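Let me begin by presenting the structure, written as structure tokens, before commenting on it.
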């Protein structure tokens, strides 16, 4: 009997609840893989990045994501996923990405030099919203714990906060994938 491909997602009947977490490093293909999980119909896309007009490299990354999205997707730029996910939606929902959301929360709370746990209310709200979300949901998030220990406090703070948040999201999601060099591996 052939073994199922561990990278292939299980079929999801329309309207069924399925929450998927997609982790990967920079330029791993995690966003494209998450997009492919949601099929060919309309999707609600929560883009968490807040563009900086002075950062042309980041603007180019955002433009590449926009060019790849189908025209029938509804895009919410800069939306807080915890707020948006509190309301169910008939279309599948994609959040891309948790790392830029976390950075924005650290900025909003001026938490880069604050004591650990300053953003706990924000991460608690996100995890609760994901856990309770009744529809099809895919979350994209960076995996940053495979490299060297960052030299700065802010780098270590981000690495630690995203690592803890990824663990919590993985617990409440129904399936988890890790994407490396464009190859998805099913973890859960």
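Residue numbers (the working numbering): -3 to 184.
Heads up, the beta-carbon is just placed ideally off N, CA and C, and yes, glycines get one too.
From a predicted model like this one, the values you see are computed outputs, not experimental measurements.
Going by DSSP, what residues sit across from residue i in a beta bridge?
i: residue 17; result: 135, 172
i: residue 180; result: 175
Compute the distance between the beta-carbons of residue i and residue j, then report whether it is under 7 Å.
i: residue 94; j: residue 137; result: yes
i: residue 39; j: residue 26; result: no
i: residue 102; j: residue 75; result: no
i: residue 15; j: residue 133; result: yes
i: residue 127; j: residue 115; result: no
Nearest CA to the CA of residue i: which residue from the options?
i: residue 45; options: 99, 169, 13; result: 99
i: residue 66; options: 57, 34, 56; result: 34
i: residue 48; options: 125, 182, 96; result: 96
i: residue 171; options: 162, 178, 177; result: 162
i: residue 180; options: 20, 13, 12; result: 20
i: residue 36; options: 121, 113, 149, 68; result: 68
i: residue 169; options: 156, 135, 113, 155; result: 135
i: residue 89; options: 72, 105, 104; result: 72
Less than 8 Å between the CB atoms is what I'm expecting for residue i and residue j, so what's the real figure, rounded?
i: residue 30; j: residue 92; result: 7 Å
i: residue 123; j: residue 165; result: 6 Å
i: residue 140; j: residue 158; result: 6 Å
i: residue 146; j: residue 84; result: Actually they are not in contact, since the Cβ atoms of residue 146 and residue 84 sit about 38 Å apart, beyond 8 Å.
i: residue 77; j: residue 28; result: Actually they are not in contact, since the Cβ atoms of residue 77 and residue 28 sit about 20 Å apart, beyond 8 Å.
Mind listing, in chain order, the continuous alpha helix (DSSP H) runs of no fewer than 4 residues lying wholly within the segment 20 to 108?
With a minimum length of 4 residues, the continuous alpha helix (DSSP H) runs that stay inside the segment 20 to 108 are 26 to 33, 52 to 64, 77 to 81, 94 to 104.
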